[in-house]
Amino acid sequence: MTTVRATLRRRADLATVVTDLANAKGWRWQDRLNDAGAASFVLAGDDPDLALIEPSDFVVIEVDGTAVFTMVVRELERVALDPGEEAAQLTTVTGLSSVAVLDEVLVYGIRPLWCWPVEDDRLFSWPAFDYDDSAWPRPAVLARWDDPTYWAEGSVVGAPPAPTDFPDPDGTWMWADSGTWQYAPAGTCYFRGVFDVPAAYNKVGIYFAADDIGHIYFDGQRIGDNTWSLDNWRTYNETIEVTPGLHVIGVEATNAYDPASDASGDHNPGGVLCTVYGLGAGGERAEVLLRSDAQWVVLPYPDPPPGMTPGEVIGHCVREAQARGGLAGVTLSFSDDVDSDGTAWPLLGDVSTKIGYDLLTFVKELANTYIDFAMAPGSLTLHAWVHDGRGTNTGVALHPATDPTDPASGNLRVLKYNRVL
Amino acid sequence: MPANALLVRWVGGWLEVTHPPAITTYGRREAFLDLSAQQSEYEARRLAEAQLVAVAGVRTATAVDVAPVGPADLPFVAYGTGDYVGVPNWAGTAQATRVVALAGAVDDNGQVTFSVDLSDQVT
Chain E
1 MTTVRATLRR RADLATVVTD LANAKGWRWQ DRLNDAGAAS FVLAGDDPDL
51 ALIEPSDFVV IEVDGTAVFT MVVRELERVA LDPGEEAAQL TTVTGLSSVA
101 VLDEVLVYGI RPLWCWPVED DRLFSWPAFD YDDSAWPRPA VLARWDDPTY
151 WAEGSVVGAP PAPTDFPDPD GTWMWADSGT WQYAPAGTCY FRGVFDVPAA
201 YNKVGIYFAA DDIGHIYFDG QRIGDNTWSL DNWRTYNETI EVTPGLHVIG
251 VEATNAYDPA SDASGDHNPG GVLCTVYGLG AGGERAEVLL RSDAQWVVLP
301 YPDPPPGMTP GEVIGHCVRE AQARGGLAGV TLSFSDDVDS DGTAWPLLGD
351 VSTKIGYDLL TFVKELANTY IDFAMAPGSL TLHAWVHDGR GTNTGVALHP
401 ATDPTDPASG NLRVLKYNRV L
Chain A
1001 MPANALLVRW VGGWLEVTHP PAITTYGRRE AFLDLSAQQS EYEARRLAEA
1051 QLVAVAGVRT ATAVDVAPVG PADLPFVAYG TGDYVGVPNW AGTAQATRVV
1101 ALAGAVDDNG QVTFSVDLSD QVT
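From first to last, the protein sequence lines are chains E and A. In terms of the numbering used here, the first sequence opens at residue 1 and continues consecutively. In terms of the numbering used here, the second sequence opens at residue 1001 and continues consecutively.
Here it is in structure tokens:
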């Protein structure tokens, strides 16, 4: 006969049994894939175990001696007066599976709460302020922004000399160091430039152009685009209110394939041109804070695009929450590089979510596409796997009784289908 | 209802992502996917395609109550959530199917029962 045992534990000391809930009745528990399961049980109103239950306590359920489910106690429902019902003497204890502790903390923005511009979305990707770009090389500086030799070669003879309205006379074009001022391979490169806004400024003016196509990000948020044009090529510009301190510009730039020039290696340059000014009180351009030059870093022609692994994303959130004092005792069985079974994580080009979502909601979002996750029974070890990676083919067969006179010849009692057409 | 043509909102605008074989089989069925925090078209498209794989076809959820014979088929011990077990499919053929929810209950007499949800979770 199958036996079930349930024990009350303190979150801070899961290994120690506070009490054996031997008198509890009506046990129900359900473990759900990539979600917080639920559990409940009932105690008599005068059961002394009730007084032992404290907020955040856990109940570990064992089946035949194996810990199979951990419940975090969330609610007690006690009927104090109900003369018509025997149930009035009972208290129902309900809760969720232990992975629900992830809903105790939120996804925060990268920067301090008082910083401008205000963040709405938390981005886990290469333009994010906290992305590790330490392995990215420096770009090559190609030419001054209006260098006539840069603009009067090959297929673009007669083209206007760069964007007509770029304001920085000392602005320079940059590209990966595989490019020259004459030619760069077609494809996409990723650039990051970090700059410091002095206390004297609360606004910056951003001027940006790309040859051929560029998307620009400020502190991780996509703010605009620019595309090379033979006729009336104009600079993208934007004024942004900021708080003093470090900020980051990200640029994703694509040098388009030019059939004639690329076949001959003749003249198809790629370039990024960007200058950031600190703006004075009247909005005038007061000081250059960042210019597209060798102070930036670039990731040339990556395949796939840069990003973060699911392990890095969850790790960021958990470590940040723990730094704020949340998620006490939670540990991870996976790393930035591999999942809980040692399988390499995929690199995700752009993971983002709304700031203010709780971490359980965010991890469930990730589980729609990228991961499986669960908390190990009897512990606070969070497991995460590559999508569909939780579990194995056990070989267990569920089937109806093969001998009508012997119920034990099968293990399936009820079988239902729900087909969605 | 299956969906095989997703209208997707991301930071940079709108995308349409379709599943042509499912459209051929079932006719066009559109749905909206809000990815308004996604800043990369590449990733938004990848997310939408992954969603389509899950929702473009007919989905069948299977629910069973089991009475284990011994430790070798004891739920939570012999198999758990995320594992695959053999179960008769819609056509009656045994097929390895993934456990998406696993539940236990103990009645007032101490009798333990188990129920298992398999394959697609239809919500």
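We put the beta carbon where it would ideally sit given N, CA and C, even for glycine.
How big is the Cα-Cα spacing for residue i and residue j?
i	j	result
P302/E	W136/E	11 Å
V204/E	N1004/A	45 Å
A199/E	W296/E	22 Å
W1010/A	E1041/A	7 Å
P169/E	I110/E	34 Å
T254/E	A186/E	7 Å
W181/E	A1048/A	39 Å
G214/E	C317/E	30 Å
L327/E	M375/E	13 Å
M1/E	D13/E	31 Å
R1028/A	R419/E	19 Å
L412/E	A1067/A	6 Å
R319/E	L380/E	14 Å
D219/E	G250/E	8 Å
V1122/A	V414/E	Summary for V1122/A: the model assigns pLDDT 42, below 50, so the residue's position carries little reliability, and this model does not support an answer.
E238/E	A140/E	25 Å
V248/E	I216/E	11 Å
V17/E	L8/E	6 Å
D103/E	P259/E	53 Å
G1070/A	A1094/A	20 Å
R222/E	G271/E	19 Å
L421/E	A1056/A	10 Å
W345/E	F373/E	13 Å
V101/E	P269/E	53 Å
R1059/A	A1050/A	15 Å
Counting C-beta neighbours from all protein chains within 10 Å, is the total for residue i 16 or more, i.e. buried, or is it exposed?
i	result
S292/E	buried
M174/E	buried
F1032/A	exposed
K364/E	buried
G278/E	buried
W228/E	buried
G1092/A	exposed
W114/E	exposed
V77/E	Per the sequence presented here, residue 77/E reads as Glu, with Val not at that position. With fewer than 16 Cβ atoms within 10 Å of its Cβ, E77/E is classed as exposed.
A367/E	buried
E252/E	buried
G283/E	exposed
V105/E	buried
S340/E	buried
A1054/A	exposed
Q385/E	For clarity, residue 385/E is Trp in the given sequence; the question names Gln instead. Buried.
S56/E	exposed
Say the cut is 6 Å; is the CB of residue i nearer than that to a heavy atom of the ligand PLP?
i	result
K354/E	Inclusion of the ligand PLP in the displayed structure is not the case, the ligand content being empty and no account of it being possible.
Who are the near neighbours of residue i in its chain, counting only those whose CB is closer than 8 Å to its CB and skipping five residues on each side?
i	result
L348/E	F124, S125, G307, M308, T309, P310, V313, Y370
F41/E	A6, L21, A24, K25, G26, W27, R28, V59, T92, V93
Between residue i and the rest of its own chain, which residues show a CB-CB distance below 7 Å, the 5 nearest in sequence each way excluded?
i	result
T3/E	D64
D1117/A	A1061, A1063, V1100, A1101
A1044/A	V1008, W1010, L1015, L1035, Q1038
T402/E	S409, G410
Below 6 Å CB to CB, which residues in the same chain sit around residue i once its five sequence neighbours on both sides are set aside?
i	result
T1113/A	A1105
D196/E	L246
A209/E	P163, N226, T235, L273
V242/E	W116, V197, V204
L289/E	F195, V276, G278
G329/E	L380
A1096/A	Y1084, G1086
F191/E	V251, V272, W296, V298
Is the CB of residue i under 7 Å away from at least one CB in chain B?
i	result
W1010/A	In the structure shown, chain B does not exist; the protein chains are E and A.
For the stretch 368 to 411 of chain E, list the beta strand (DSSP E) runs that are entirely contained and at least 3 residues long, ordered along the chain. 371 to 375, 381 to 386, 393 to 397, all fully within the stretch 368 to 411 of chain E.
Using 8 Å as the cut-off, can you tell me whether the stretch 141 to 148 of chain E makes contact with the stretch 222 to 240 of chain E, which would need three or more C-beta pairs spanning the two stretches below that distance? Pairwise C-beta distances place the stretch 141 to 148 of chain E out of contact with the stretch 222 to 240 of chain E, as fewer than three of them are shorter than 8 Å.
Ignoring anything shorter than 4 residues or poking outside the stretch 85 to 151 of chain E, list the alpha helix (DSSP H) runs there in chain order. Here the runs fully enclosed are 148 to 151.
Under 8 Å, with one C-beta from each stretch per pair, do the stretch 113 to 130 of chain E and the stretch 1037 to 1050 of chain A reach the 3-pair mark? The answer is yes - the stretch 1037 to 1050 of chain A touches the stretch 113 to 130 of chain E, with three or more Cβ pairs under 8 Å.
Can you check the stretch 194 to 264 of chain E for any alpha helix (DSSP H) of at least 4 residues that lies completely inside it and give the ranges in chain order? DSSP runs (the alpha helix (DSSP H)) wholly in the stretch 194 to 264 of chain E: 259 to 264.
Three or more C-beta pairs below 8 Å linking the stretch 1018 to 1033 of chain A and the stretch 404 to 413 of chain E: Because the criterion of three Cβ pairs below 8 Å is not met, the stretch 1018 to 1033 of chain A and the stretch 404 to 413 of chain E do not touch.
Contact between the stretch 338 to 354 of chain E and the stretch 32 to 45 of chain E is defined here as three or more beta-carbon pairs at a separation below 8 Å; is this criterion met? The stretch 338 to 354 of chain E, when compared against the stretch 32 to 45 of chain E, does not touch it at the 8 Å Cβ threshold.
In chain order, which continuous runs of the beta strand (DSSP E) of length 3 or greater are located wholly inside the stretch 1072 to 1123 of chain A? Annotation: the stretch 1072 to 1123 of chain A contains the following complete segments of the beta strand (DSSP E) (minimum length 3 residues), in chain order: 1084 to 1088, 1094 to 1106, 1112 to 1119.
Within the chosen definition, does the stretch 381 to 396 of chain E reach the stretch 67 to 74 of chain E through at least 3 CB pairs nearer than 8 Å? No, the stretch 381 to 396 of chain E is not in contact with the stretch 67 to 74 of chain E.
So within the stretch 287 to 351 of chain E, which uninterrupted alpha helix (DSSP H) runs reach at least 4 residues, ignoring any that extend past its ends? Qualifying alpha helix (DSSP H) stretches, in chain order: 310 to 323.
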